[in-house]
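Some notes on the structure that comes next.
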Amino acid sequence: MSAPVAIVAAMHEELSALLAQMPDEQRVRAAGRDFWVGHLHGQPVVAVLSRIGKVAAAVTATVLLERFGVRAIVFTGVAGGLAPGVNVGDVVVATQLLQHDLDASPIFPKYEVPLMGLSRFAADTAIGDALAAVAEETLRDPVALLGQEAVDEFGLRSPKVHRGLLVSGDRFVSTAAESDALRRNLPDALAVEMEGAAVAQVCHDYGVPFAAMRTISDRADDAAHGDFARFVAEVASRYSLALASAWLATLPSSSGETPAAT
Ligand code: SAH
Numbered sequence: 001m002s003a004p005v006a007i008v009a010a011m012h013e014e015l016s017a018l019l020a021q022m023p024d025e026q027r028v029r030a031a032g033r034d035f036w037v038g039h040l041h042g043q044p045v046v047a048v049l050s051r052i053g054k055v056a057a058a059v060t061a062t063v064l065l066e067r068f069g070v071r072a073i074v075f076t077g078v079a080g081g082l083a084p085g086v087n088v089g090d091v092v093v094a095t096q097l098l099q100h101d102l103d104a105s106p107i108f109p110k111y112e113v114p115l116m117g118l119s120r121f122a123a124d125t126a127i128g129d130a131l132a133a134v135a136e137e138t139l140r141d142p143v144a145l146l147g148q149e150a151v152d153e154f155g156l157r158s159p160k161v162h163r164g165l166l167v168s169g170d171r172f173v174s175t176a177a178e179s180d181a182l183r184r185n186l187p188d189a190l191a192v193e194m195e196g197a198a199v200a201q202v203c204h205d206y207g208v209p210f211a212a213m214r215t216i217s218d219r220a221d222d223a224a225h226g227d228f229a230r231f232v233a234e235v236a237s238r239y240s241l242a243l244a245s246a247w248l249a250t251l252p253s254s255s256g257e258t259p260a261a262t
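Position 80 (the sequence shown) corresponds to 80 in full-length UniProt numbering; numbering is contiguous.
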């Protein structure tokens, strides 16, 4: 029996979309969260809502690794676009992740995780390649996935897939001043969110592969608080489900046993 993979969603709507495709899911309660253990596309999976922010995400990741013995963690959710050309409706697949609000200078260089000598955590290349490939394929026809109405409403003409640096911090970045500062300080950052780099650090400690894919919901500017819930429900959760399913379908098939919580 192969160890399960974890799919971590940042939003309720995404998790419910995933669970609807997991007919055999069983709920296991740990650390005040519901971990859903079952199968998706024949693969043993643990699906869970991380909640928002770095600490919540780190706790979720630790429980997935310690209690469920997952062999990889994939994080899905939404993010604010930072780099020029990273627009609403695009998908970012992380190659590296950094905590943009971590600063123990002058004792340690800005962004460096103290005593680790590291500020950028690498995402798993093989999973990232596979996610980017399925994202390219899926985004080729957004109308097929989302319907014409959603495509028109959110202006998703030709959504793109980007790969590169994803930055995380305990702030919802929703002013142009703040996103300008991030662009200045971290010119190669593609997008900003609140969990990914924390999970990347935990997975680094455990030596377990990690990947993150985020749908761009806003541009981290003064309009960032727009209609978040509708975007997540109508666009991001459908992208996440389609991409997670397509990725799982690329993995070698397992024996079909239900993964057990220990
Ligand atoms: N209004 C939303 C707020 C969610 S917080 C709600 O009520 O649910 C934002 C979530 O989306 C976090 O999980 C974060 O990872 C991501 N996110 C999207 N855009 C972001 C931005 N501009 N800055 C920081 N995080 C962002």
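By construction, the Cβ of each residue, glycine as well, lies at the ideal position given by its N, Cα and C atoms. As the structure is a computational prediction, the values presented were derived from the model and not from experiment.
Using 7 Å as the cut-off, classify the Cβ of residue i as near or not near the heavy atoms of ligand 1, replying yes or no.
i	result
I174	In the sequence on display, residue 174 carries Ser and not Ile. Yes, ligand 1 has a heavy atom inside 7 Å of this Cβ.
F228	yes
I73	no
D188	no
E195	yes
G80	yes
V91	no
V70	no
G164	no
I7	no
A10	yes
V192	yes
R217	Note that residue 217 is Ser in the sequence shown, not Arg. Because some heavy atom of ligand 1 lies under 7 Å away, the Cβ of S217 counts as near it: yes.
G207	no
For residue i, which of helix, strand or coil comes out of DSSP?
i	result
L131	helix
F108	coil
E136	helix
A249	helix
A224	coil
L241	helix
F231	helix
A126	helix
Contact defined as beta carbons within less than 8 Å: I believe residue i pairs with residue j. What is the distance between those atoms, to the nearest angstrom?
i	j	result
T76	I7	7 Å
R33	V48	6 Å
S237	A17	5 Å
residue 308	V192	The structure shown does not extend to residue 308, since the chain spans only 1 to 262, so no value can be given for it.
First and last residue of the alpha helix (DSSP H) that includes residue i?
i	result
E178	A176 to N185
S217	Element bounds for S217: not the alpha helix (DSSP H) but the beta strand (DSSP E), F210 to D218.
residue 265	Outside the modelled stretch of the chain, which goes from 1 to 262, sits residue 265, for which no answer is possible.
V143	P142 to L146
H39	First-last for H39: R33 to L40, but that is the beta strand (DSSP E), not the alpha helix (DSSP H).
F154	First-last for F154: undefined, no H or E at that position.
L65	K54 to E66
A17	H12 to L19
Can you name the start and end residues of the beta strand (DSSP E) that residue i belongs to?
i	result
S168	V161 to S168
A191	A189 to E193
L97	V91 to Q99
L49	Q43 to L49
R29	Q26 to A30
F75	A72 to G81
A9	V5 to A9
Are there any heavy atoms of ligand 2 lying less than 7 Å away from the beta-carbon of residue i, as far as the coordinates show?
i	result
G32	For ligand 2, the structure offers nothing, since it holds only ligand 1.
Within the chosen definition, does the region 54–68 reach the region 191–203 through at least 3 CB pairs nearer than 8 Å? Output reads yes: the region 191–203 touches the region 54–68.
Is there contact between the region 137–156 and the region 178–195, where contact requires at least three CB pairs shorter than 8 Å? The region 137–156 vs the region 178–195: no contact.
Touch check for the region 158–172 and the region 83–100: three-plus C-beta pairs under 8 Å? Here the region 158–172 makes contact with the region 83–100; the two share three or more CB pairs at distances below 8 Å.
Taking three-plus beta-carbon pairs below 8 Å as touching, is the region 34–47 in contact with the region 241–255? As far as the Cβ criterion goes, the region 34–47 touches the region 241–255, which means the pair count is three or higher.
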